[in-house]
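Q: Using the numbering used here, read the sequence shown as starting at 53 and increasing by one per residue. Every residue gets a Cβ at the ideal spot worked out from N, C-alpha and C, and that includes glycine.
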Amino acid sequence: MVRTNKQKYNDIFLYSKLLLVLFLGVSSFQRLAPPDIATAEAQLDKAVGLVKKGQYEEAKGILFEIIPVFEKARLGEEYLWACRQLDDCFFYLGLPEDAIKYFTQVLKTADRQQNAIALNARIIYIIGLYYHDLGKYEAAISLYEEGWPLAAKGEDYNLTSAYYSNLSTLYWDRGNHAKSLEFSQKSLQIARVEKNLPAIAFALQGIGNIYRSENDSRSLDYFRQSLAIEPTNVQTLIQFSKAYQAFGKTDSAFIMLKKAFPFLQGNSENADFYYQRARLNKATHDIPKATADIQKALLYGEQGYGLGHSEFTRIQNLAGKIYLA
53 MVRTNKQKYN
63 DIFLYSKLLL
73 VLFLGVSSFQ
83 RLAPPDIATA
93 EAQLDKAVGL
103 VKKGQYEEAK
113 GILFEIIPVF
123 EKARLGEEYL
133 WACRQLDDCF
143 FYLGLPEDAI
153 KYFTQVLKTA
163 DRQQNAIALN
173 ARIIYIIGLY
183 YHDLGKYEAA
193 ISLYEEGWPL
203 AAKGEDYNLT
213 SAYYSNLSTL
223 YWDRGNHAKS
233 LEFSQKSLQI
243 ARVEKNLPAI
253 AFALQGIGNI
263 YRSENDSRSL
273 DYFRQSLAIE
283 PTNVQTLIQF
293 SKAYQAFGKT
303 DSAFIMLKKA
313 FPFLQGNSEN
323 ADFYYQRARL
333 NKATHDIPKA
343 TADIQKALLY
353 GEQGYGLGHS
363 EFTRIQNLAG
373 KIYLA
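1) Can you give me the C-alpha to C-alpha distance between residue 367 and residue 327, rounded to a whole angstrom?
2) Compute the Euclidean distance between the alpha carbons of residue 291 and residue 261, then round it to the nearest angstrom.
3) Is there a Cβ of chain D sitting closer than 8 angstroms to that of residue 154, yes or no?
4) Can you confirm whether the segment 280–288 touches the segment 232–248 when touching is taken to mean that 3 or more C-beta pairs between the two stretches lie within less than 8 angstroms?
5) What is the DSSP secondary structure of residue 108, counted as helix, strand or coil?
6) Which residue from 259, 210, 175 and 244 puts its Cα closest to that of residue 232?
7) Counting beta carbon pairs with one atom in the segment 303–322 and one in the segment 354–371, are three or more of them shorter than 8 angstroms?
8) Would you identify the three-state DSSP class for residue 327, choosing helix, strand or coil?
9) Nearest to residue 208 by alpha carbon, out of 281, 239, 314 and 223?
10) What's the C-alpha gap between residue 332 and residue 351?
11) Grab me the residues of residue 93's own chain with a C-beta within less than 7 angstroms of its C-beta, minus the 5 sequence neighbours each way, in chain order.
12) Given a cut-off of 8 angstroms, decide if residue 342 and residue 307 are closer than it, judged by their beta-carbon atoms.
13) How about residue 175 and residue 192: are their beta carbons less than 8 angstroms apart?
14) Tell me the start and end of each unbroken alpha helix (DSSP H) in the segment 233–286 that is at least 4 residues and wholly inside, in chain order.
15) In whole angstroms, what separates the C-alpha of residue 344 from that of residue 330?
16) Given a threshold of 16 other Cβ atoms within 10 Å of its Cβ, counted over all protein chains shown, does residue 294 qualify as buried or as exposed?
17) Could you give the first and the last residue of the continuous alpha helix (DSSP H) run that contains residue 174?
18) Please state whether the Cβ-Cβ distance between residue 213 and residue 170 is less than 8 angstroms.
19) Could you give the first and the last residue of the continuous alpha helix (DSSP H) run that contains residue 206?
20) Expressed to the nearest angstrom, what Euclidean distance is found between the alpha-carbon atoms of residue 48 and residue 273?
21) Return helix, strand or coil for residue 313, following the three-state DSSP convention.
22) Grab me the residues of residue 120's own chain with a C-beta within less than 6 angstroms of its C-beta, minus the 5 sequence neighbours each way, in chain order.
23) Determine, using beta carbons only, whether residue 310 and residue 377 come nearer to each other than 8 angstroms.
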């Protein structure tokens, strides 16, 4: 059908209006882009404040909205900081599976960011932590082994030390004491360079625990060094008690364990305390006291560790031996 002049005029007028709308739209987008980023940054500050207040659900909703803004704009520092806040939200809301799924997706695009090494190192560490918490130790080890060289390459010494500490713990749990000692010593070396006293104390405790597992009396000295930095650390006191018991110094083991009692916090620490006291009472043939202690350890352990956790299984095994006695 042939168009009339009026139709042509209308078409030209409509086309001109479309061009104007398109031009205004592009101009508006260009003008709005910086405020959008600024708004996202302001929302990030708000989310950080909510996380500090423990309002994790509200913070999570905000972070879901603004993280894609930072990703597309390749604002790597803001992107990483927002991801770390979201990690806190997932953790405190008890959503490990959701966290693994989300941060696994983040890894797929992390190489596009300017701080790709730092981002990959941190996100791999976060995912590894969730696998660790879920008891998927082999998956956690695999991720930590992948991530620590990136943290070292990026010269993030605190993160590298954290990788080493977690790998040491996991290898110790798997019975590989040589690898555990290797990573604890690496962690201690970094902590001393950085003059990070809590990290130094933790590494010394870890080395002491490894030597205790090997029936090596050097463990006693490492526990002493750790307690010199953190004299009220419950886990160090409990492990030191176990070391004294292993080397036949039962009285010293009771004394060291007693020092931990005023500083117990949470179900897990209480479970560990009563488990060790039950061990000592069983070793000295005071079965009534051992029975009372192991019952408390079972109660706290179920609440603190959960029925499927290896630490709770250890408590159950001792309970069986005490009940049999």
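A: So, from the data block:
1) Whole-angstrom Cα-Cα distance: 6 angstroms.
2) For residue 291 and residue 261, the distance between alpha carbons rounds to 7 angstroms.
3) Absent here is chain D; the protein component of the structure consists of one chain.
4) Short answer: they don't touch.
5) In the structure shown, residue 108 sits in a helix (DSSP, three-state: H, G or I).
6) Out of 259, 210, 175 and 244, the CA that lies nearest to the CA of residue 232 is found in 259.
7) Touching, per the Cβ criterion.
8) DSSP places residue 327 in helix when its eight states are reduced to three.
9) Nearest to residue 208 by C-alpha distance, out of 281, 239, 314 and 223, is 239.
10) Approximately 19 angstroms, taken between the alpha carbons.
11) Within the same chain, Cβ atoms closer than 7 angstroms to the Cβ of residue 93 are found at 130, the five residues on either side in sequence being excluded.
12) No, they are not a contact pair.
13) No.
14) DSSP runs (the alpha helix (DSSP H)) wholly in the segment 233–286: 249–265 and 270–281.
15) So the two alpha carbons sit approximately 8 angstroms from each other.
16) Within 10 angstroms of the beta-carbon of residue 294 lie 16 or more other beta-carbons, which makes it buried.
17) Segment 168–185, the alpha helix (DSSP H) holding residue 174.
18) Their beta carbons are not under 8 angstroms apart, which means residue 213 does not touch residue 170 by this criterion.
19) Run containing residue 206: none; DSSP gives neither H nor E here.
20) Within the shown structure, residues of the chain are numbered from 53 to 377, placing residue 48 beyond reach of any answer.
21) Helix.
22) Excluding sequence neighbours, residue 120 sits near nothing in its chain.
23) At the C-beta level, residue 310 and residue 377 stay beyond 8 angstroms of one another.
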